[in-house]
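First comes the structure, then the notes that go with it.
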């Protein structure tokens, strides 16, 4: 089993979201938030010194101010919490490979890491794309029989570099 931690911090995105709602005057009270997240005032003091937590709360507050409490914002907060469950299932040996594959595909899709379609991919890479249309029927195509012209050159002739004959 992986030894990677599931949470790099003691707080979750859901806690940051709930704090932002509380600060904006909607949502639960601070005491209700502390009870639900099983934290106390000392934890909040520690989180308030964490610049990442403060930035996350600020981002949620700005989004609530600008767009209101949208379904999309609620769903995003919930999805971020469910990533922990997804991580645990992916690394659980009892879970079938098909379920793991679906979870991995979904996570990649939600993160926006899926490759775009080929036309968009080719356009973003740069380069040149050449298409040659030979016609829709074999009668439209012209076949030219040609034999290549062979030019023989002696090694002594190569020394005469002044001449453009062999270029």
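Numbering (the working numbering), first residue to last: 541 to 707.
No residue lacks a Cβ here, since even glycine has one placed at the ideal position from N, Cα and C.
Name the residue from the options whose alpha carbon lies nearest to the alpha carbon of residue i.
i, options, result
"residue 583", "602, 625, 556", "556"
"residue 648", "635, 636, 627, 634", "627"
"residue 560", "578, 630, 636, 588", "588"
"residue 552", "598, 593, 638", "593"
"residue 590", "602, 550, 645", "550"
Under the rule that 16 or more other beta-carbon atoms within 10 Å means buried, what is residue i, buried or exposed?
i, result
"residue 558", "buried"
"residue 596", "buried"
"residue 639", "exposed"
"residue 696", "exposed"
"residue 693", "exposed"
Can you tell me whether DSSP reads residue i as helix, strand or coil?
i, result
"residue 650", "helix"
"residue 542", "Legend: pLDDT at residue 542 = 42, less than 50; position of this residue unreliable, value from coordinates given subsequently. Correct three-state label for residue 542: coil."
"residue 604", "helix"
"residue 617", "helix"
"residue 609", "coil"
"residue 696", "helix"
"residue 573", "helix"
Rounded to the nearest angstrom, how far is the Cβ of residue i from that of residue j, given a contact under 8 Å?
i, j, result
"residue 554", "residue 621", "5 Å"
"residue 609", "residue 629", "That pair is no contact at about 29 Å."
When you compare only the Cα positions, how much space is there between residue i and residue j?
i, j, result
"residue 614", "residue 651", "17 Å"
"residue 607", "residue 625", "29 Å"
"residue 544", "residue 564", "The predicted position of residue 544 is uncertain, since its pLDDT is 48 and thus under 50; no value can be drawn from it."
"residue 567", "residue 580", "18 Å"
"residue 605", "residue 598", "10 Å"
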